[in-house]
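S.K.: Each residue of the sequence shown is one higher than the one before, starting from 3 at the first, in the numbering used here.
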Amino acid sequence: MHSILAAAPITVEGGKIIGSVGAGGIATALTVALIAGIREPKKGGGPDGAGGGKKGRIRKKLTSDQAQWIGVTAGTLYMVAGSIWTVGKNLSDAFATVFTGGGFGTAGMGSVALLLAAIMYFREMTPGKSAFTGIIAAGVWAQAGGIWGLPEALILTGAGAVGIL
Numbered sequence: 003m004h005s006i007l008a009a010a011p012i013t014v015e016g017g018k019i020i021g022s023v024g025a026g027g028i029a030t031a032l033t034v035a036l037i038a039g040i041r042e043p044k045k046g047g048g049p050d051g052a053g054g055g056k057k058g059r060i061r062k063k064l065t066s067d068q069a070q071w072i073g074v075t076a077g078t079l080y081m082v083a084g085s086i087w088t089v090g091k092n093l094s095d096a097f098a099t100v101f102t103g104g105g106f107g108t109a110g111m112g113s114v115a116l117l118l119a120a121i122m123y124f125r126e127m128t129p130g131k132s133a134f135t136g137i138i139a140a141g142v143w144a145q146a147g148g149i150w151g152l153p154e155a156l157i158l159t160g161a162g163a164v165g166i167l
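1. Taking contact to mean 3 or more Cβ pairs, one atom from each stretch, closer than 8 Å, check whether the stretch 128-140 and the stretch 66-81 are in contact.
2. Can you give me the Cβ contacts of T33 inside the same chain, cut-off strictly under 7 Å, excluding the 5 residues immediately before and after it?
3. Leaving out the 5 sequence neighbours to the left and right, which residues in its chain are closer than 8 Å to R61 when beta-carbon positions are compared?
4. If you drop the 5 nearest sequence neighbours on each side, which residues of the same chain put their C-beta closer than 8 Å to that of E126?
5. With distances taken Cα to Cα, identify the nearest neighbour of L79 among G151, G26, V164, L152.
6. Taking L64 as the reference, which of R41, I138, A83 has the closest Cα?
7. Alpha carbon to alpha carbon, how far is G107 from W150? Give it in angstroms, no decimals.
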């Protein structure tokens, strides 16, 4: 007599593809990815043996565009996570206030969002500056509303679809 064994089905519990992460967890992971991807390794272990260690290497270095969009994603998740991550929103608010405080005439959040989009599109920045600009842009775009809210909506919808939020 022959018996057929069936394997247990592979399922994703509760639709969470990468397990239980949460906005704070993914914000932390993206922050670590930004820091690791934009920082140059410390120099060590010179030819004369000074320094006492191996020279570090970056396995994958982020491009300016990658750092910028990871920054936007991280900044969006900072706002969702709250807690210590409110610093991202505070940076965005401080940046926007420079332009909406009356010193540049009548300027709203939409104009600040347009300013950031222009900088991000037309200027080639270092990955570190791009990441910082992306984090600031996430908060400004979310507050500006309209078409500027599209990146936030896409990020949050995508995060919800894979079970992060």
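Glycine included, C-beta positions come from ideal geometry on N, C-alpha and C.
M.R.: Result, derived from the coordinates:
1. Result yes; three or more Cβ-Cβ pairs closer than 8 Å.
2. Sequence index remark: in the sequence shown, residue 33 carries index 31 (1-based). Excluding sequence positions up to five before and after T33, its CB lies within less than 7 Å of the CB of A76, all in the same chain and listed in chain order.
3. Residue numbering aside, residue 61 sits at position 59 when the sequence shown is read from its first letter. Non-local C-beta neighbours of R61 in its own chain, meaning closer than 8 Å and more than five positions away in sequence, are absent.
4. Counting from 1 along the sequence shown, the entry for residue 126 is found at position 124. So the list reads S66, once near-sequence residues are dropped.
5. Here the question's residue 79 lines up with position 77 in the sequence shown. L79 has its Cα closest to that of G26, out of G151, G26, V164, L152.
6. By one-based count along the sequence shown, residue 64 stands at place 62. Minimum Cα distance to L64 is reached at R41.
7. Position 148 of the sequence shown, counting from 1, holds the residue named residue 150. Position 105 of the sequence shown, counting from 1, holds the residue named residue 107. Going from the Cα of W150 to the Cα of G107 covers about 21 Å.
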